[in-house]
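S.K.:
Numbering (the numbering used here), first residue to last: 1 to 225.
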């Protein structure tokens, strides 16, 4: 399976993603934001980081990069697109995903391991997980507070487009288990066709039991499946 990781000025998780993808046998290529076309591939990843220093809004300048039209065309043709952290923010800026990532509820940067619950497994990103499985992943963001309007929130719920929700180790979902204030504790969402996933936690950081844990492994295994 071929993958492409897009690099923007300020990306800082692109190499982590490259290592994770290659660990599972992806033939990965790194694509510079100023290129116009993406070589033929099966998966595009928009990695975490602080593209363009988060000036204006997180992901807003990256969303106008030269490479983005190729990403949009690829996504609209049904190609798989994964946006993590800043990548999620870029997806909302391009309109590939609806909603916005606002400042964290306490207006402070958060960098820590948290728990999320797998809400939907009927998709190509999460099929190797079990529904309601609890994962321990890492977050590192200042603007991870997901918000959307009421009509879209209803659509997310009704069409099973919520991928993950923040919770505690026992799976409880409430304001106490919500690190950034996201509406309905949302940690990740799909588009309507479920070929695009945006999520704030970092699965690429949790693929090695020695240095972290292996809770991110099944996301990559699901994509390979």
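Just so you know, even glycine gets a beta-carbon here, dropped at the ideal spot from N, CA and C.
Being a predicted model, the structure only gives us computed values, none of them experimental.
Quick check on DSSP: helix, strand or coil for residue 231?
M.R.: It is not possible to answer for residue 231, since the shown part of the chain is limited to 1 through 225.
S.K.: May I ask you to report which of helix, strand or coil DSSP gives residue 64?
M.R.: Counting from one through the chain shown, the residue named residue 64 turns up at place 64. In this structure, residue 64 counts as helix in the three-state DSSP scheme.
S.K.: What did DSSP end up calling residue 198 once you bin it into helix, strand or coil?
M.R.: Counting from 1 along the chain shown, the entry for residue 198 is found at position 198. It is a strand residue.
S.K.: Output needed for residue 27: all residues of its chain with C-beta closer than 6 Å, excluding positions within five of it in sequence on either side, in chain order.
M.R.: On the chain shown, residue 27 is found 27 positions in, with the first residue counted as 1. Correct list, in chain order: 2.
S.K.: By DSSP, does residue 164 sit in helix, in strand, or in coil?
M.R.: As a working note, residue 164 is residue 164 in the chain shown. Looking at residue 164 - three-state DSSP - the assignment turns out to be strand.
S.K.: Which first and last residues belong to the beta strand (DSSP E) in which residue 147 is found?
M.R.: As a position in the chain shown, residue 147 is number 147, starting the count at 1. Taken as a continuous stretch (DSSP letters only), the beta strand (DSSP E) holding residue 147 covers 145-147.
S.K.: Check whether the Cβ atoms of residue 8 and residue 60 sit closer than 7 Å, and answer yes or no.
M.R.: Position 8 of the chain shown holds residue 8. Position 60 of the chain shown holds residue 60. Result no, Cβ atoms of residue 8 and residue 60 do not sit closer than 7 Å.
S.K.: Name, in chain order, the residues that DSSP records as bridge partners for residue 2.
M.R.: Within the chain shown, residue 2 is the residue found at index 2, counting from 1. DSSP lists 27 as partners of residue 2.
S.K.: What is the DSSP secondary structure of residue 18, reduced to helix, strand or coil?
M.R.: Position 18 of the chain shown, counted from the first residue, corresponds to residue 18. Note: residue 18 maps to helix in three-state DSSP.
S.K.: I'd like the ranges of any alpha helix (DSSP H) spanning at least 4 consecutive residues and lying wholly in the region 80-161.
M.R.: 86-94, 150-158
S.K.: For residue 84 versus residue 48, is the C-beta distance shorter than 7 Å?
M.R.: Along the chain shown, read from residue 1 onward, the residue named residue 84 stands at position 84. Along the chain shown, read from residue 1 onward, the residue named residue 48 stands at position 48. Cβ atoms of residue 84 and residue 48: closer than 7 Å.
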